[in-house]
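Numbering (the working numbering), first residue to last: 14 to 251.
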């Protein structure tokens, strides 16, 4: 699969020693993937739960890798993520694609749909509505642009951390990896390429992949996702 020459995504631009360290921390294998990929034009990533909006996100790691390993290709990366956005809300943002005219779209949506509210643990957006919205996003994007579409699944939740997080407790919000897995299945069943970020972010003792809230990723977690993204983008087109 060709890595686009201009990658457009959603997040704050990372900088400084931490970002340099994050690029160094992903290891030699991801460098090989970057160097072996064919760069084309413009990629846009849609994301909602703050993973890309982090200045040390997998997207910013990817940005730095491309700048270091493929500087002559002048790959443009634009971060368009909106923290807290559901798939329903994302539908209203699609018209921007017609102005941005990306060649590729990376879509990592659905995590915020799956937050559960109150003692009844009702999903913010039902699973059926999430599935409908994801497919509508893809279909509508095809009407607005000729971009290649790539799914990026939600990441796993450290449920023990999420349950103990005081802000979630006060707000009556809970999260479950099973809900993220349901969304991942929808994406993986589609004919478009899908980056499965779920297995790479499954928590285990001492993994250090999640922040205290159990939902957002640490630098190590972001590195793990970056590895999966590059591995998928470096695959030959089918």
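Beta carbons: idealized from backbone N, C-alpha and C, even for Gly.
Under three-state DSSP, which class holds residue 168? coil
Is it the case that the Cβ atoms of residue 150 and residue 197 are separated by a distance below 8 Å? no
The ligand HEM heavy atom lying under 7 Å from the CB of residue 70: Looking for the ligand HEM in the displayed structure turns up nothing, as the structure carries no ligands at all.
For residue 207, which residues from the same chain have a beta carbon less than 6 Å from its beta carbon, with the 5 sequence-adjacent residues on both sides left out? 164, 200, 201
Residue 223, buried or exposed, once every other Cβ within 10 Å from all chains shown has been counted against 16: That one is buried.
Own chain, CB closer than 6 Å to residue 79, minus 5 neighbours either side, in chain order: 88
Spatial distance of residue 132 from residue 157 (CA atoms): 41 Å
Three or more C-beta pairs closer than 8 Å, one from the segment 120-135 and one from the segment 180-193: is that the case here? Flag = yes, the segment 120-135 and the segment 180-193 touch.
Our contact map puts residue 210 next to residue 143 with C-beta atoms below 8 Å; I'd like the distance itself, whole angstroms only. No, residue 210 and residue 143 are not in contact; Cβ-Cβ is about 17 Å, not under 8 Å.
Measuring CA to CA, which of 170, 175, 178, 180 is closest to residue 191? 170
Please report the residue range of the beta strand (DSSP E) in which residue 105 lies. Where residue 105 is concerned, there is no enclosing beta strand (DSSP E), given that its DSSP letter is neither H nor E.
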